Amino acid sequence: SLDRIADETTILNFRRLLEKHELAGGILQVINGYLGDRGLMLCQGTVVDATIIHAPSSTKNKDGKRDPEMHQTKKGNQYFFGMKAHIGVDAESGLVHSLVGTAANVTDMTQVDQLLHGEETYVCGDAGYTGVDKRAEHQDRQMIWSIATRPSRFKKHGEKSLIARVYRKIEFTKAQLRAKVEHTFRVIKRQFGYTKVRFRGLAKKAPRNRLLAIGEVRL
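Residue numbering for the sequence shown follows UniProt numbering, starting at 1 and increasing by one per position.
Here is the structure:
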């Protein structure tokens, strides 16, 4: 019945409890451990990606300014203001095992180190992660980096050339692996409706981000 639904104050206190003690991250780790023990998360490969979550850009508020922890970034020919949700998902099951929130202007590849659990034999990512394997924090990692090749690299040989055809087949296979991460973004943005942040500051957004990742397990 409706009487059993928690009231607004109870929900607010619960959210603040998660923030204060950083419990959401621990909850996600426990669930990942449970899934791993039962063979539902194989941990052999990780797909990394990031998506932009919009934040209000208006200054018509109490402080008369935008959220200082949110920033503007350009994607294609459009500018966006907000944050980025960087996630790492299990390449086999598509389940989220790690999530980091940053301002939107933070480069994707700088967060990869926090998205890996350390047991991977391979990592998949789009062309935005080109060169990530050369970063200092990954020099001791023994794994395959399956990063998408930019089209300009093989188009110069001609669309119908043998090299271009081989590259396209390889890239198609890579794209199939990366598709699992897009399912997670669809769940977060379309089914949970999390296309725009509701609170100011990254600290307040972190618990919600991780709870959304946990909720995705149910789907």
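Glycine included, C-beta positions come from ideal geometry on N, C-alpha and C. Model, not experiment: these values are computed from the prediction.
Next item on the list: In angstroms with no decimal places, state the Cα-to-Cα distance between K169 and F154.
Entry: Counted from its first residue, the sequence shown places residue 169 at position 169. Counted from its first residue, the sequence shown places residue 154 at position 154. Cα to Cα, the separation comes out at about 12 Å.
Checklist line | Proximity below 8 Å, CB of T184 to CB of G128 | finding: Counting from 1 along the sequence shown, the entry for residue 184 is found at position 184. Counting from 1 along the sequence shown, the entry for residue 128 is found at position 128. For T184 and G128, no; Cβs fall outside 8 Å.
Next item on the list: Please specify which runs of the alpha helix (DSSP H), each continuous and at least 4 residues long, are wholly inside the stretch 107-191, giving them in chain order.
Entry: Correct list: 112-115, 152-155 and 162-186.
Next item on the list: Could you check if L17 is buried or exposed, using at least 16 other CB atoms within 10 Å of its CB as the buried criterion?
Entry: In the sequence shown, residue 17 corresponds to position 17, counting from 1. Its Cβ having fewer than 16 others within 10 Å, L17 is exposed.
Next item on the list: If I'm right that A91 touches G45 with Cβ under 8 Å, what's the distance once you round it to whole angstroms?
Entry: By one-based count along the sequence shown, residue 91 stands at place 91. By one-based count along the sequence shown, residue 45 stands at place 45. In this structure, A91 and G45 form a Cβ contact; the two beta carbons are roughly 3 Å apart against a cut-off of 8 Å.
Notebook entry, point to check: Around the Cβ of Y194, are there at least 16 other Cβ atoms within 10 angstroms (buried) or fewer (exposed)?
Noted result: By 1-based counting over the sequence shown, the position of residue 194 is 194. That one is buried.
Checklist line | Contact set for R66: own chain, Cβ-Cβ below 8 Å, skip 5 residues either direction | finding: Along the sequence shown, one-based indexing puts residue 66 at 66. Closer than 8 Å at the Cβ level, and outside the excluded window around R66, lie A55, P56, S57, S58, T59 and F81.
Check: Taking buried to mean at least 16 other C-beta atoms within 10 Å of its own C-beta, is N32 buried or exposed?
Finding: Looking up residue 32 in the sequence shown gives position 32. Under this definition N32 is a buried residue.
Check: Which stretch, first to last residue, makes up the beta strand (DSSP E) that contains T73?
Finding: On the sequence shown, residue 73 is found 73 positions in, with the first residue counted as 1. T73 -> beta strand (DSSP E) spans H71 to K75.
Notebook entry, point to check: Under three-state DSSP, which class holds T102?
Noted result: In the sequence shown, counting from the first residue as 1, residue 102 sits at position 102. Reduced to three states, the DSSP call for T102 is strand.
Checklist line | Touching by the beta-carbon criterion (3+ pairs, under 8 Å), the stretch 97-106 and the stretch 72-86 | finding: Three or more beta-carbon pairs separated by less than 8 Å link the stretch 97-106 to the stretch 72-86, which places the two stretches in contact.
Checklist line | Three-state class that DSSP yields for D3 in the structure shown | finding: Here residue 3 refers to the residue found at position 3 when the sequence shown is read from its first residue. Helix, per DSSP.
Next item on the list: Inspect the beta-carbon positions of V106 and V48 and report whether they are closer than 8 Å.
Entry: Counting from one through the sequence shown, the residue named residue 106 turns up at place 106. Counting from one through the sequence shown, the residue named residue 48 turns up at place 48. No, the Cβ-Cβ distance between V106 and V48 is not below 8 Å.
Notebook entry, point to check: Can you tell which of H71, C124 and H157 has its C-alpha closest to the C-alpha of W145?
Noted result: The residue labelled residue 145 in the question sits at position 145 within the sequence shown. Among H71, C124 and H157, the Cα nearest to that of W145 belongs to C124.
Checklist line | Residue span of the beta strand (DSSP E) that contains A50, given as start and end | finding: If you number the sequence shown from 1, residue 50 lands on position 50. Per DSSP, A50 belongs to the beta strand (DSSP E) from G45 to H54.
Item checked: Straight-line Cα distance separating H21 from N13 -> Position 13 of the sequence shown, counted from the first residue, corresponds to residue 13. Position 21 of the sequence shown, counted from the first residue, corresponds to residue 21. For N13 and H21, the distance between alpha carbons rounds to 12 Å.
Item checked: Counted within 10 angstroms of its Cβ, other Cβ atoms place K180 as buried (16 or more) or exposed -> Position 180 of the sequence shown, counted from the start, is the residue given in the question as residue 180. With a 10 Å radius around the Cβ and a threshold of 16 neighbouring Cβ atoms, K180 comes out buried.
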